[in-house]
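Working notes, structure below.
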Amino acid sequence: MEIEEIRNYCLNCPTKPCEVKGCPIHNKIPEFIHEENEEKAFYILSETTVLPAICSRVCQVSKQCKGVCVRGIRGESVEINKMEMHLADNALKNNYKFKKKKNPILKEQKKVCIIGGGPSGLTAAAFLAMDNAKVTIIDKNEKLGGLLEYGIPDFRLDRSIIEKTIQKILELGVDFKLNTEVGRDISIEEILKEYDAVYISAGANEPIYTLSGENVLSGNKLLEELNKEKIEKGTEKSFIEKFKGKKIGVSGGGNVAMDVSRTLARMGAEVSIIYRRGLDEMPAEKEEIEMAKKENVEFLFQNNILKFDSENKEAELIKTNLVKKEGDTRLSPVNIEGSNYKKHLDYLVLATGAQPNDSFIKKLSVEQTERGYIKINENYQTSKDKIFAGGDIAETRKTVVNAAYDGREAAQNILQYLLK
Ligand code: SF4
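Position one of the sequence shown corresponds to residue 102 (my numbering), numbered consecutively onward.
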C-alpha cells in the first residue's frame, strides 16, 4: 500500500486499540497517520519516541500495534510500521530536529549521567535533554547504540539508520564518553560526585550456558563479537572461515535465535533451529521465521536438546509432546521417553536467554532482585539515592521498544527527582 492509501485505509478508531493496547510506548498512531503534513506528523510521533526509524524496522508489530488493529479482524491490518518508517526516514532526510521544550521542567540546568548508550539510555538522554538536563552518556564500547549496534544484524537494521538517529539525539546537546567502563575507568563514587542523577541502562547480555563445551556458543555473544569485528576491522572474514559449510544447531525460538540463524546461514552454514515447542508458540516475529525459512534454515519443532559432545560433534535430542499445564498460558513441552536420537553438529549455539553482568552491578552497590537484576521501584529508583535504572538490566521485557519505554518514563521520574 502506498502512504496515501494507508492514510485512507485506517479507520481512525475512537478507542485507538493500536495506540492504547498495541504500542508499548503509546505512540499517537491514528493521529500521526491522519496528519497530512508530514513534518507535523513526525513531531506528533516524536512526542513519544526518539527511535521511530529504528522501532519501525525491528518492532514485533504482528504482536503489537498491527496485531490489535481493527482492520486486521476481517482483512489486512493497517501498515502502521510502514507509515512510521516513512515519516521517520523523511525526517532524517529533511533534517527535522528533535526540539528542546520552550518551557522545560528544569528551570536550572542539572547534570545527569547515563551509563549505557543503548535504546533505553539514548531515549532517556533525549527526553532529559529536551527538558534542560545536561546529559552525558558513558559507554564501554567504541560506538553508541548498545544492542542496536552490537546485537541486531545489519541486514535487519542498516547501520546508517542507527547513526543518523543517534546524531539527532546528540544534537540536543547530549555529550558522551566512549570506551569507558564504570568500575574500571571511572568509579560510581566519582560519577555520583559530579552528577545530580544517574540512569543505569547497561543492558543484560551475559550468556546463560545450559550446556557447556568447547563448541557450545552463546547466540548473543556471537552476534556481539561479529558486530565488533565488523566495526573494528570492517570485515566478518574470520567468522565466515569458522562457520562456512558447518552444521550448526541453534537452540531457542525468539528473535535472537532467528538473527543468529540467518547470520550463520548467510555465511554458508547449514543451520537447524531446535525448539522445544511448536511454530504457534514461537516468540519470534512471524516475518523473521519466514525469512529464516527462505534462507534455508531448518526448523526442528518439538525437539529438546539433552547433551552436546563437542569432541565427537554430536548432539543428543529428544522429541517433545505439548501439554496444557494449570496456570500456564503457553503449552509446555514434555520429553517423550525413548524418542532420543543423535544428530551431527559442529557447533551448538544457545539462544535461550541472557542475564545481566553481576560483577558490574556489584560495583554499583545497588540492591539486586533474586534473579540478579537491578531492583527498582515504580519510579525507576534503585536502593541508592540519585541512581535510577531501566531497560534489560532492570529486567524489562527484552525488546527495543520496551527499553525505550523505560528510558522515557525514567527520564520523567529523574526530572521530578531533580526538582526536589
Ligand atoms: Fe487505524 Fe487500525 Fe488503529 Fe483503528 S486500530 S485507528 S484502523 S491503525
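Where is the CB? At the ideal position from N, CA and C, for every residue including glycine.
Below 7 Å CB to CB, which residues in the same chain sit around SER411 once its five sequence neighbours on both sides are set aside? Translated into the one-based positions of the sequence shown, residue 411 becomes position 310. So the list reads GLY314, GLU315, ASN316 and VAL317, once near-sequence residues are dropped.
For the structure I just gave you, are there three or more beta carbon pairs, one from the stretch 479-495 and one from the stretch 503-515, closer than 8 Å? The stretch 479-495 vs the stretch 503-515: in contact.
Let me check you understand the geometry: is the CB of ILE104 closer than 7 Å to at least one non-hydrogen atom of ligand 2? As for ligand 2, it is missing from this structure, which binds only ligand 1.
If you count every other CB in all the chains shown that lies within 10 Å of the CB of GLY354, and 16 or more means buried, which is it? The residue labelled residue 354 in the question sits at position 253 within the sequence shown. When all chains shown are included, GLY354 counts as buried.
Residues sharing a beta bridge with LEU401, DSSP: Here the question's residue 401 lines up with position 300 in the sequence shown. BP columns for LEU401 point to ILE375.
List the DSSP bridge partners of CYS214. Here residue 214 is taken as the residue at index 113 of the sequence shown, counted from 1. Looking at the DSSP assignment, CYS214 forms a beta bridge with THR237 and VAL299.
With distances taken between CB atoms, is the gap from ASN404 to TYR448 smaller than 8 Å? The count along the sequence shown starts at 1 and reaches residue 404 at position 303. The count along the sequence shown starts at 1 and reaches residue 448 at position 347. No, Cβ-Cβ distance for ASN404 and TYR448 is not below 8 Å.
Could you tell me the distance, in whole angstroms, from the CA atom of ASN436 to the CA atom of LEU451? Numbered from 1 along the sequence shown, position 335 holds the residue referred to as residue 436. Numbered from 1 along the sequence shown, position 350 holds the residue referred to as residue 451. Roughly 19 Å separates the two Cα atoms.
Inter-residue Cα distance where the pair is GLY379 and ASP240: Numbered from 1 along the sequence shown, position 278 holds the residue referred to as residue 379. Numbered from 1 along the sequence shown, position 139 holds the residue referred to as residue 240. Each residue's Cα considered, the two are about 39 Å apart.
Does the beta-carbon of MET383 have 16 or more other beta-carbons within 10 angstroms, so that it is buried, or is it exposed? Taking the sequence shown and counting its residues from 1, the one referred to as residue 383 is at position 282. It is buried - the Cβ of MET383 has at least 16 other Cβ atoms within 10 Å.
Selection from LEU407, LEU432 and CYS214 that minimises the alpha carbon distance to GLU290: On the sequence shown, position 189 is the one that residue 290 refers to. Ranking LEU407, LEU432 and CYS214 by Cα distance to GLU290 puts CYS214 first.
Are the stretch 458-465 and the stretch 437-444 touching, with three or more C-beta to C-beta distances below 8 Å? no
Is the stretch 217-226 close to the stretch 264-277, with three or more CB pairs under 8 Å? yes
Is LYS129 near ligand 1, with its Cβ less than 7 Å from a heavy atom? Your numbering for residue 129 matches position 28 in the sequence shown. Checking the Cβ of LYS129 against ligand 1 gives no.
Ordered along the chain, which non-local residues of its own chain (more than five positions away) have a Cβ less than 6 Å from that of LYS499? By one-based count along the sequence shown, residue 499 stands at place 398. Hits under 6 Å: ASP493.
Residue from GLU496, GLU479 and LEU465 with nearest C-alpha to GLU471: Along the sequence shown, read from residue 1 onward, the residue named residue 471 stands at position 370. Of the listed residues, the one whose Cα sits closest to GLU471 is GLU496.
Given 8 Å as the limit, is there contact between the stretch 158-172 and the stretch 271-288, that is, 3 or more CB pairs closer than that? no
Presumed contact (8 Å Cβ cut-off) between ILE155 and ILE263, rounded CB distance: Numbered from its first residue, the sequence shown carries residue 155 at position 54. Numbered from its first residue, the sequence shown carries residue 263 at position 162. 7 Å between Cβ atoms; contact.
Coarse secondary structure for ASN182, derived from DSSP in three states: The residue you call residue 182 lines up with position 81 of the sequence shown. Helix.
Supposed contact pair LEU465 and ILE301 - C-beta distance, whole angstroms, cut 8 Å: For this step, residue 301 is matched to residue 200 along the sequence shown. For this step, residue 465 is matched to residue 364 along the sequence shown. Right, their Cβ atoms sit about 7 Å apart.
Under the rule that 16 or more other beta-carbon atoms within 10 Å means buried, what is MET184, buried or exposed? For the purposes of this step, residue 184 is identified with residue 83 of the sequence shown, where counting begins at 1. When all chains shown are included, MET184 counts as buried.
DSSP three-state call for LEU279: helix, strand or coil? What you label residue 279 is simply residue 178 of the sequence shown in a count that begins at 1. Note: LEU279 maps to coil in three-state DSSP.
Can ASN113 be considered in contact with ligand 1, in the sense that its beta carbon sits closer than 7 Å to one or more heavy atoms? Walking along the sequence shown from the start, residue 113 turns up at place 12. Yes.
For GLY246, I'd like the list of residues in its chain whose CB is within less than 6 Å of its CB, leaving aside the five on either flank, ordered along the chain. Residue 246 sits at position 145 when you count from the first residue of the sequence shown. Once the five neighbours on either side are set aside, the close Cβ partners of GLY246 are ILE263.
Could you please give the first and the last residue of the uninterrupted alpha helix (DSSP H) stretch that includes VAL361? Within the sequence shown, residue 361 is the residue found at index 260, counting from 1. First-last of the alpha helix (DSSP H) with VAL361: 356-367.
Could you name each continuous beta strand (DSSP E) segment of 3 residues or more that falls completely within the stretch 389-470, going from the start of the chain to the end? 399-401, 404-410, 415-424, 433-436, 442-445 and 448-451
Closer than 7 Å by C-beta to LYS485: which residues in its own chain qualify, once you throw out the five before and the five after it? Chain order, please. Counting from one through the sequence shown, the residue named residue 485 turns up at place 384. Here the set comprises SER466 and VAL467.
By Cβ distance, which residues of its chain are closer than 8 Å to GLU415, with the 5 residues on each side in sequence left out? Counting from 1 along the sequence shown, the entry for residue 415 is found at position 314. Once the five neighbours on either side are set aside, the close Cβ partners of GLU415 are PHE409, LYS443, LYS444, HIS445 and LEU446.
Count the other C-beta atoms from every protein chain shown that fall within 10 angstroms of the C-beta of ASN128, then say buried if there are 16 or more, exposed otherwise. On the sequence shown, position 27 is the one that residue 128 refers to. The residue in question, ASN128, is buried, as its Cβ has 16 or more Cβ neighbours within 10 Å.
Inter-residue CB distance, ILE475 and ILE462 (contact presumed, cutoff 8 Å): Residue numbering aside, residue 475 sits at position 374 when the sequence shown is read from its first letter. Residue numbering aside, residue 462 sits at position 361 when the sequence shown is read from its first letter. Yes, they are in contact, since the Cβ atoms of ILE475 and ILE462 sit about 6 Å apart, within 8 Å.
Figure out for me which residue from LYS244, PRO131, CYS124 and PRO220 has the closest Cα to the Cα of ALA305. Numbered from its first residue, the sequence shown carries residue 305 at position 204. Answer by Cα proximity: PRO220.
Is any heavy atom of ligand 1 found at a distance shorter than 7 Å from the C-beta of ILE181? Within the sequence shown, the letter at position 80 stands for residue 181. The answer is yes for ILE181.
Straight-line Cα distance separating SER362 from LYS387: Here residue 387 corresponds to residue number 286 of the sequence shown, with the count starting at 1. Here residue 362 corresponds to residue number 261 of the sequence shown, with the count starting at 1. Each residue's Cα considered, the two are about 15 Å apart.
Figure out for me which residue from LYS212, SER261 and PHE256 has the closest Cα to the Cα of ILE238. The residue labelled residue 238 in the question sits at position 137 within the sequence shown. The shortest C-alpha separation from ILE238 is found at LYS212.
SER288 burial status per 10 Å Cβ neighbour count (16 or more: buried): Counting from 1 along the sequence shown, the entry for residue 288 is found at position 187. SER288 should be labelled exposed.
Whole-angstrom Cβ separation of GLU337 and GLU330, contact assumed at under 8 Å? For this step, residue 337 is matched to residue 236 along the sequence shown. For this step, residue 330 is matched to residue 229 along the sequence shown. The Cβ separation is near 6 Å, so the contact holds.
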